[in-house]
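Q: Numbering (the numbering used here), first residue to last: 246 to 314.
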């Protein structure tokens, strides 16, 4: 007796889906690890501080201009 083609295709599809799921999980783990490294890095912290200073300055200037209108 020949095995049913649908059964073989389902097995292949399940195998491919399993590999795909594993690759997706590995990619997500890598992204999470890289994200944590970036958040903990000194350049990221310095960039955040400089953005806060710039934003504060912009809002102060906007407040001064608003008061002059």
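Quick reminder that beta carbons are idealized off the backbone N, C-alpha and C, glycines included.
Keep in mind the model is a prediction, meaning the values are calculated, not measured.
Suppose you measure from the CA of residue 264 to the CA of residue 271; what does that come to, to the nearest Å?
A: In a straight line, the C-alpha of residue 264 is about 11 Å away from that of residue 271.
Q: Quick check on residue 295: does DSSP put it in helix, strand or coil?
A: Helix at residue 295.
Q: What's the C-alpha gap between residue 262 and residue 290?
A: Roughly 40 Å separates the two Cα atoms.
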